[in-house]
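Participant: Once you've had a glance at the structure underneath, I'll fire off some questions.
There are 2 protein chains.
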Amino acid sequence: MSRQLKLGAFLMATGHHVAAWRHPDVPANAGLDFAHYKRLAQIAEAAKFDALFVADSVAAPTQNIASRMARSDHFEPLTLLSALSAVTEHIGLIATATTSYNEPYHVARKFASLDHLSGGRAGWNLVTSDNAAEALNFGRDEHIGHTERYSRAREFHQVVTGLWDSWEDDAFVRDKASGAYYDPAKLHVLDHVGEHFRVKGPLNVARSPQGQPVIVQAGSSELGRELAAQTAEVVFTAQTSLANAKAFYADLKGRLPKYGRSAESLKIMPGVFVVVGRTEAEAQEKCETFQQLVEPEVGVALLGRMLGNFDLSKYPLNGPLPQLPQTESGQQSRQKLLTELAGRENLSLAELGRKIAGGRGHYSLVGTPQQIADRLQEWFEQGAADGFNVLVPHLPGGLEDFANSVVPELQRRGLFRTEYEGRTLRQNLGLARPVNRFA
Amino acid sequence: MSRQLKLGAFLMATGHHVAAWRHPDVPANAGLDFAHYKRLAQIAEAAKFDALFVADSVAAPTQNIASRMARSDHFEPLTLLSALSAVTEHIGLIATATTSYNEPYHVARKFASLDHLSGGRAGWNLVTSDNAAEALNFGRDEHIGHTERYSRAREFHQVVTGLWDSWEDDAFVRDKASGAYYDPAKLHVLDHVGEHFRVKGPLNVARSPQGQPVIVQAGSSELGRELAAQTAEVVFTAQTSLANAKAFYADLKGRLPKYGRSAESLKIMPGVFVVVGRTEAEAQEKCETFQQLVEPEVGVALLGRMLGNFDLSKYPLNGPLPQLPQTESGQQSRQKLLTELAGRENLSLAELGRKIAGGRGHYSLVGTPQQIADRLQEWFEQGAADGFNVLVPHLPGGLEDFANSVVPELQRRGLFRTEYEGRTLRQNLGLARPVNRFA
Numbered sequence: 022m023s024r025q026l027k028l029g030a031f032l033m034a035t036g037h038h039v040a041a042w043r044h045p046d047v048p049a050n051a052g053l054d055f056a057h058y059k060r061l062a063q064i065a066e067a068a069k070f071d072a073l074f075v076a077d078s079v080a081a082p083t084q085n086i087a088s089r090m091a092r093s094d095h096f097e098p099l100t101l102l103s104a105l106s107a108v109t110e111h112i113g114l115i116a117t118a119t120t121s122y123n124e125p126y127h128v129a130r131k132f133a134s135l136d137h138l139s140g141g142r143a144g145w146n147l148v149t150s151d152n153a154a155e156a157l158n159f160g161r162d163e164h165i166g167h168t169e170r171y172s173r174a175r176e177f178h179q180v181v182t183g184l185w186d187s188w189e190d191d192a193f194v195r196d197k198a199s200g201a202y203y204d205p206a207k208l209h210v211l212d213h214v215g216e217h218f219r220v221k222g223p224l225n226v227a228r229s230p231q232g233q234p235v236i237v238q239a240g241s242s243e244l245g246r247e248l249a250a251q252t253a254e255v256v257f258t259a260q261t262s263l264a265n266a267k268a269f270y271a272d273l274k275g276r277l278p279k280y281g282r283s284a285e286s287l288k289i290m291p292g293v294f295v296v297v298g299r300t301e302a303e304a305q306e307k308c309e310t311f312q313q314l315v316e317p318e319v320g321v322a323l324l325g326r327m328l329g330n331f332d333l334s335k336y337p338l339n340g341p342l343p344q345l346p347q348t349e350s351g352q353q354s355r356q357k358l359l360t361e362l363a364g365r366e367n368l369s370l371a372e373l374g375r376k377i378a379g380g381r382g383h384y385s386l387v388g389t390p391q392q393i394a395d396r397l398q399e400w401f402e403q404g405a406a407d408g409f410n411v412l413v414p415h416l417p418g419g420l421e422d423f424a425n426s427v428v429p430e431l432q433r434r435g436l437f438r439t440e441y442e443g444r445t446l447r448q449n450l451g452l453a454r455p456v457n458r459f460a
Numbered sequence: 022m023s024r025q026l027k028l029g030a031f032l033m034a035t036g037h038h039v040a041a042w043r044h045p046d047v048p049a050n051a052g053l054d055f056a057h058y059k060r061l062a063q064i065a066e067a068a069k070f071d072a073l074f075v076a077d078s079v080a081a082p083t084q085n086i087a088s089r090m091a092r093s094d095h096f097e098p099l100t101l102l103s104a105l106s107a108v109t110e111h112i113g114l115i116a117t118a119t120t121s122y123n124e125p126y127h128v129a130r131k132f133a134s135l136d137h138l139s140g141g142r143a144g145w146n147l148v149t150s151d152n153a154a155e156a157l158n159f160g161r162d163e164h165i166g167h168t169e170r171y172s173r174a175r176e177f178h179q180v181v182t183g184l185w186d187s188w189e190d191d192a193f194v195r196d197k198a199s200g201a202y203y204d205p206a207k208l209h210v211l212d213h214v215g216e217h218f219r220v221k222g223p224l225n226v227a228r229s230p231q232g233q234p235v236i237v238q239a240g241s242s243e244l245g246r247e248l249a250a251q252t253a254e255v256v257f258t259a260q261t262s263l264a265n266a267k268a269f270y271a272d273l274k275g276r277l278p279k280y281g282r283s284a285e286s287l288k289i290m291p292g293v294f295v296v297v298g299r300t301e302a303e304a305q306e307k308c309e310t311f312q313q314l315v316e317p318e319v320g321v322a323l324l325g326r327m328l329g330n331f332d333l334s335k336y337p338l339n340g341p342l343p344q345l346p347q348t349e350s351g352q353q354s355r356q357k358l359l360t361e362l363a364g365r366e367n368l369s370l371a372e373l374g375r376k377i378a379g380g381r382g383h384y385s386l387v388g389t390p391q392q393i394a395d396r397l398q399e400w401f402e403q404g405a406a407d408g409f410n411v412l413v414p415h416l417p418g419g420l421e422d423f424a425n426s427v428v429p430e431l432q433r434r435g436l437f438r439t440e441y442e443g444r445t446l447r448q449n450l451g452l453a454r455p456v457n458r459f460a
């Protein structure tokens with residue numbers, strides 16, 4: 022079988038379009054409606070998506086404009102994906118958990134537990150917090166700086182994966198006759214002492230079906246890329262053009278050999294915002310329906326959030342994107358991307374806000390299933406992507422559209438599976454099961 | 022309808038008997054088998070139990086003897102109960118989470134999320150860690166002392182319940198026409214600054230179906246009782262005799278008025294270890310089957326753990342329980358209870374270990390459904406209990422036995438429901454829905 026692309030379904034309550042919740046087809050309370058998420062999971066699984074992907078932030082926005090966005094009330098990802106594990110069988114379950122404001126023992130344990138609950142379908146989107154508001158919920162006056170965040174993240178990863186190897190795969194013999202529950206020689210106490218953490222171990226969860234849950238990352242800064250090259254197995258990234266995506270792909274894959282890793286051991290999955298219609302005109306019209314629901318102030322607020330928690334409300338809507346300082350809290354790579362976009366297309370603040378209201382700076386495709394499949398195929402075949410993390414404007418409608426039209430087109434072209442290859446997320450992604458470091 | 026008793030099903034992997042995993046009817050890998058837990062939940066729900074109760078510890082034992090006990094590999098409770106929420110409809114879901122080694126924002130959020138996922142069935146068993154090994158997994162050399170643990174727990178509770186009130190019940194208007202997603206006047210930023218925590222808030226989860234998940238506690242020390250009187254809605258306790266249970270019940274209920282609380286606002290549910298048979302002889306024989314599977318060293322190790330993480334392996338098995346120091350890590354009230362038991366019955370170390378191998382010092386009932394119902398009725402009617410947290414020796418068998426024989430007997434006597442009264446755990450327990458402090 023020739024190489025096939027991988028697909029993640031990036032779920033976000035009412036959808037990725039900031040005004041989706043106002044659309045008549047969208048349940049406005051989707052963020053806390055389990056039946057809604059269950060339906061999404063089942064649509065994605067029926068379409069053979071590799072995984073569900075759920076982002077996270079451990080803070081709620083409190084500026085006044087936040088009251089006009091559906092961003093303040095949603096399930097916590099690990100509890101949500103645990104619940105979804107009980108009503109799905111094949112699809113991977115990737116939850117985001119920050120290394121900045123968590124303890125590695127808890128994170129290791131919850132993801133190992135999810136991996137057992139789901140029979141080997143857990144993935145951890147390892148992030149450093151990009152949101153200064155989070156610091157204030159965890160006893161700090163200000164956000165941890167960029168460099169320290171990455172140093173902490175690297176050590177956090179070491180501890181978590183070390184804890185996942187606490188037990189060899191066959192440590193638990195559970196021999197009723199002799200009374201031996203586990204083999205003490207196959208228990209490994211981590212005893213980690215580092216710059217940021219001291220964690221003794223062992224984990225109180227057996228090694229999980231995948232050996233270790235899949236490590237996902239989304240950092241695109243220099244530090245982010247280097248951490249990904251060392252530790253990530255899937256990278257989610259925002260790329261606005263084929264050329265940029267190819268450069269990113271080549272750069273990241275090129276960093277793998279120095280860590281003794283093969284190109285296949287890391288899957289690069291750019292985000293792609295997709296609006297699909299039976300005709301191009303229908304797709305454009307669908308897109309416009311959402312765009313007309315965006316209040317300019319809401320678009321600008323979303324923009325400020327994406328640039329690094331800036332309050333842009335004091336700048337004129339019709340003026341240019343102001344010069345903004347590099348901050349420690351922002352997503353540096355996202356800031357660069359959006360500044361370039363505004364300059365290239367000469368967009369006012371309101372126009373830029375409206376532009377990113379759907380895909381938040383991700384590559385956007387609006388068209389027929391064939392047109393969309395053409396672009397995905399192009400990126401896939403030209404070395405820009407191993408797969409895609411799919412963002413749709415509204416849920417569940419946008420996901421149904423993608424599942425019912427784009428997926429069959431990709432399957433017709435032999436680019437996407439018609440049945441799951443394996444039982445675990447790793448097997449479906451084509452990632453090797455990690456060997457226990459202690460075995 | 023006359024007052025009825027409440028029932029919790031205290032789930033523990035293979036069962037509460039330390040040797041249960043060796044029994045031929047018990048799946049030895051139950052701790053990480055979701056199908057097993059799903060079955061338990063469905064048995065308990067069919068029997069109209071109020072809630073499932075899952076204990077927790079954030080450490081695994083590493084002494085050599087631990088390799089002969091089924092205590093090292095199990096699901097993390099919040100992920101487990103989230104998954105169970107998707108396959109149950111009525112039963113409450115009470116997970117333990119320690120205040121000693123957690124952050125209140127995470128705890129508030131995960132339980133609020135579980136409450137939404139389950140449609141109002143979440144309970145938080147708020148504990149202070151009783152296990153010094155936990156400290157070592159969270160960057161500390163030694164355990165937090167008893168007094169500080171309780172001071173931290175009290176403030177932790179304040180922060181968590183404050184975060185649960187971040188939003189008024191009707192804060193989220195989600196008005197598609199006007200674009201108002203929430204009413205800013207109904208958002209309340211906690212801004213907590215205390216001795217142990219600084220947490221700004223708000224929570225990024227809407228106020229949950231129960232207003233607040235049910236607060237459960239299990240502390241029996243003076244500080245534990247006082248915290249319970251102030252903050253708990255359900256108290257789980259180990260009591261060995263009717264007289265002791267009545268005294269505890271009277272003491273705890275007697276502390277409520279000073280916090281402006283009614284007797285009904287706190288349900289006291291002693292643990293009861295139950296082995297049921299069609300005849301008393303059959304029940305005794307069943308019990309003996311498990312007792313014969315206990316290695317003396319295993320019983321003594323369990324005892325050491327219960328007394329406060331003491332290594333008792335250096336003391337003679339046939340000698341008396343040695344004098345042990347009061348430690349900061351142990352459960353002080355449990356230590357007192359077991360020391361008295363050993364003295365009263367003049368038990369050797371091995372005998373005491375064997376004695377607690379099933380019910381771990383909880384009130385134990387071995388007999389017919391009628392005999393067991395008689396005792397439960399007596400405790401319930403004589404002011405010793407509002408209900409019981411049921412421990413069975415092995416799972417699923419012991420729970421099936423209880424559900425199929427003791428529950429119907431209690432129902433015949435009008436002591437237990439035949440249908441769930443409400444949709445939420447609070448409604449079934451007869452607990453009021455908390456008013457939002459800010460509303």
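Chains as they are written, first to last, in the working numbering: chain G, 22 to 460; chain C, 22 to 460. By construction, the Cβ of each residue, glycine as well, lies at the ideal position given by its N, Cα and C atoms.
Ends of the alpha helix (DSSP H) at C/F55?
Facilitator: Element bounds for C/F55: F55 to A67.
Participant: So, with DSSP's three-state summary, where would you put G/P205?
Facilitator: Three-state DSSP puts G/P205 in a helix.
Participant: Do you know how far the Cα of C/D151 is from the Cα of C/T261?
Facilitator: Using only the alpha carbons, I get a separation of about 20 Å.
Participant: Quick check on this structure: which residue in G/G340, G/G379 and G/S385 has the alpha carbon closest to the alpha carbon of G/A363?
Facilitator: For the residues G/G340, G/G379 and G/S385, the minimum Cα distance to G/A363 belongs to G/G340.
Participant: Quick one: is G/G113 buried, meaning 16 or more other Cβ sit within 10 Å of its Cβ, or exposed?
Facilitator: The residue is buried, with at least 16 neighbouring Cβ atoms inside 10 Å.
Participant: Check the Cβ-Cβ distances between C/P48 and every residue of chain G, and say whether any is below 7 Å.
Facilitator: No - not a single Cβ of chain G is within 7 Å of the one on C/P48.
Participant: Candidates C/E97, C/H213, C/I377 and C/G382: which alpha carbon is nearest G/Y126's?
Facilitator: Of the listed residues, the one whose Cα sits closest to G/Y126 is C/E97.
Participant: Here's a check: name, in chain order, each residue in its chain whose Cβ is nearer than 8 Å to the Cβ of G/L358, leaving out the five neighbours to either side.
Facilitator: So the qualifying residues of the chain are A259, T261 and G382.
Participant: Rounded to a whole number of angstroms, what is the C-alpha to C-alpha distance between C/G222 and G/G418?
Facilitator: About 33 Å.
Participant: Report, in whole angstroms, the separation of the C-beta atoms of C/V237 and C/L147, which I expect to be a contact under 8 Å.
Facilitator: Confirmed, about 7 Å.
Participant: Check each residue of the segment 118-148 of chain G: if its Cβ is closer than 7 Å to any Cβ of chain C, include it; give the result in chain order.
Facilitator: Those would be E124, Y126, R130, K131, S134, L135, H137 and L138, in chain order.
Participant: Would you please verify whether the beta carbon of G/E14 is less than 7 Å from any beta carbon of chain C?
Facilitator: For residue 14 of chain G there is no data in the structure shown, the boundaries of chain G being 22 and 460.
Participant: Taking 7 Å as the CB-CB limit, is G/R89 close to chain C?
Facilitator: Closer than 7 Å to some Cβ of chain C, the Cβ of G/R89 qualifies, so yes.
Participant: I'd like the span of the beta strand (DSSP E) that includes G/Q238, first residue to last.
Facilitator: Its beta strand (DSSP E) spans residues V235 to Q238.
Participant: Between C/H111 and C/F70, what straight-line distance do the alpha-carbon atoms span, to the nearest angstrom?
Facilitator: Computed Cα separation, rounded: 9 Å.
Participant: So, does the CB of C/R447 fall closer than 7 Å to a CB anywhere in chain G?
Facilitator: Cβ-Cβ to chain G under 7 Å: no for C/R447.
Participant: Can you check whether the C-beta of C/K221 is within less than 7 Å of a C-beta belonging to chain G?
Facilitator: With 7 Å as the cut-off, C/K221 counts as an interface residue toward chain G.
Participant: List the residues that DSSP assigns as beta-bridge partners of C/F257.
Facilitator: Bridge partners of C/F257: C/M290.
Participant: Give the straight-line distance between the Cα atoms of C/L26 and C/F193, rounded to the nearest whole angstrom.
Facilitator: Approximately 37 Å, taken between the alpha carbons.
Participant: Would you verify that the beta carbon of C/E316 is, or is not, closer than 7 Å to some beta carbon of chain G?
Facilitator: So, interface residue.
Participant: Can at least three beta-carbon pairs, one atom from the segment 205-221 of chain C and one from the segment 241-256 of chain C, be found at a separation below 8 Å?
Facilitator: No: the two stretches stay apart, fewer than three of their Cβ pairs being nearer than 8 Å.
Participant: Taking one C-beta from the segment 386-405 of chain C and one from the segment 297-310 of chain C each time, how about it: are there three or more such pairs within less than 8 Å?
Facilitator: Touching, per the Cβ criterion.
Participant: Once the 5 residues before and after C/F55 are set aside, which same chain residues still bring their CB inside 7 Å of it?
Facilitator: Within the same chain, C/F55 has close Cβ partners A104.
Participant: So what's G/H38 in DSSP terms, helix, strand or just coil?
Facilitator: Coil at G/H38, not helix or strand.
Participant: Check whether the Cβ atoms of G/G240 and G/F294 sit closer than 7 Å, and answer yes or no.
Facilitator: Taking 7 Å as the Cβ cut-off, G/G240 and G/F294 do not qualify as a contacting pair.
Participant: With a threshold of 7 Å between beta-carbons, can C/T100 be considered close to chain G, or not?
Facilitator: It does; some Cβ of chain G falls within 7 Å.
Participant: DSSP state of C/R89, grouped into three classes?
Facilitator: Three-state result, C/R89: helix.
Participant: Nearest by alpha-carbon distance to G/K158: which of G/H415, G/S78 and G/E430 is it?
Facilitator: Rather than Lys, the amino acid found at residue 158 of chain G in this sequence is Asn. Among G/H415, G/S78 and G/E430, the Cα nearest to that of G/N158 belongs to G/S78.
Participant: Rounded to the nearest angstrom, how far is the Cβ of C/A424 from that of C/I64, given a contact under 8 Å?
Facilitator: Going by Cβ atoms, the distance from C/A424 to C/I64 rounds to 5 Å, so yes, they are a contact pair.
Participant: Cβ closer than 7 Å: which chain G residues qualify as neighbours of C/Y476?
Facilitator: Residue 476 of chain C falls outside the range modelled here, since chain C spans only 22 to 460, and no answer is possible.
Participant: Between which two residues does the beta strand (DSSP E) holding G/T119 run?
Facilitator: From DSSP, the beta strand (DSSP E) with G/T119 extends over G113 to T119.
Participant: Just how far apart, CA to CA, sit C/G232 and G/S229?
Facilitator: If you take the alpha carbons of C/G232 and G/S229, they lie about 36 Å apart.
Participant: Under 8 Å Cβ-Cβ, which residues of chain C neighbour G/R195?
Facilitator: What G/R195 touches in chain C: W42, A49, N50 and A91.
Participant: Measure from the C-beta of G/S103 to each C-beta in chain C and report whether the shortest distance is under 7 Å.
Facilitator: With 7 Å as the cut-off, G/S103 counts as an interface residue toward chain C.
Participant: I'd like the list of long-range same chain contacts for G/I86, defined as Cβ closer than 6 Å, with 5 residues on each side in sequence excluded.
Facilitator: Around G/I86: E318 and A322.
Participant: Output yes if chain C places a C-beta closer than 7 Å to the C-beta of G/V321; else output no.
Facilitator: Not an interface residue.
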